[in-house]
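Heads up: the structure comes next, in structure tokens.
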Amino acid sequence: MKETYNVGLVGYGMASKTFHAPLIAATPGLEVVAVSSSDADKVLADLPRVEVMATPQALFARPDIDLVVIPTPNDTHFPLAKAALAAGKHVIVDKPFTVTLGEGRLLKGYAEEAGKLLSVFHNRRWDSDFLTVRALVEARTLGRLVHFESHFDRFRPDVGQRWREQPKPGAGLWYDLGPHLLDQARQIFGMPRAILLNLAKRRDGAQVDDDFHALLDYDGLRVVLCASTLVAAESPRFILHGTQGSYVKHGLDPQEAWLKEGQTPTPQWGVDSRDGELMLQETDSEEASLVAHACGTLPGDYLAYYIGIHDALAGEGTNPVSVDDALAVMQLLETGLDSARQERWVKLKELGGLRRKY
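Encoded structure:
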């Protein structure tokens, strides 16, 4: 067993700088030793000890690198991950896994053939608010859940000069924030029976979708997933209604903001000081009434992902986000696009080994 696994980062944009580099640096047994980038000065300003490679191919060719992390534009995930696997590397791909379900299935086959770990960075499984919501649902605190609503709203009225805003495969808000919300919903409820998606271009000059509203069909439960770039007023992050009460949470998990500020992550550092509102029915001999209850927010922990990766590489744990989990999200993304094009509900086809939990 190796004491330290050497990591190579492909590119040094926002995802590498904000998430991957600091989380890897804080994980015992992982070390970033090289980055592929055309801007060496930018990389070395933050990571003075790494070696900067001119191309991803040069990075993959290094025999000392065990794990390659690919936080690059979505349409490059498949060719880069394929090349890294072919070079004998373990691979992490940022979400979404690929831009098509077919590409994801091919990568699964390549990883199995190479005998290498392949994982996808669905970090928002470790958001403080999501961990709290999941615990409430699993404990049936609200009774039988009938409504689950998840929002990821922002106010970005100007269309930026970024690849996410350009009309190319994998661009747009559905492929940006959709994977987070879909993965979180599936973690709690499993695969839905069907999906209904509405996509829109709301901003002046928008070339790709910047607003979506998705409904997921489960027995006796409505799941609503929304994201928009034109929400200036604060909207709830989560809204849950059940037969015994309701839970509403405002505010985003603080870990991304802290990472952008340069704070060093530690295990379970993501303490959200803003708790949700929990209203529960209480019944005495005379009548039932709603009572507000304290509901502390569980701490978030993005570091858990990379600790899980290290343990999986060392043979001491399982892949924290499996390829099958990533393929399920890809299926939901693609089925959603089918629904938006047809303007109707579209049923989910069975994907091997995935069961509906709700």
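In my numbering, the protein residues as written are 227 to 584.
We treat Cβ as the ideally placed atom computed from N, Cα and C, and that holds for glycine.
Small disclaimer: the values here were computed from a predicted structure and weren't measured.
For M556, the enclosing alpha helix (DSSP H) starts and ends at V549 to Q568.
L456 and L408 have their C-alpha atoms some 21 Å from each other.
Of the candidates A284, L478, Q489 and D437, D437 places its Cα closest to the Cα of W400. In this structure, D445 is the residue among P395, D445 and K394 with its C-alpha nearest to the C-alpha of M417. When D355, P393 and F245 are compared, the shortest CA-CA separation from K427 is found for P393. Residue Y473 holds the alpha-carbon nearest to the alpha-carbon of H373 among D292, Y473 and D402. Check the Cα spacing between A538 and each of V555, G335, L344 and A280: the tightest is with L344. The beta carbons of G398 and L425 sit closer together than 9 Å.
Cβ contact annotation for E375 (same chain, cutoff 6 Å, sequence separation greater than five): V450 and I465, in chain order. In the DSSP assignment, S461 falls outside any beta strand (DSSP E), carrying neither H nor E.
In the DSSP assignment, A426 falls within the beta strand (DSSP E) that extends over A420 to A426. One Cα belongs to A552, the other to P491, and the distance between them is close to 25 Å.
When rounded, the separation of the alpha-carbon atoms in K321 and Q489 is 23 Å.
Boundaries of the alpha helix (DSSP H) around S354: S354 to E364. Rounded to the nearest whole angstrom, the CA to CA distance from D564 to Q410 is 21 Å.
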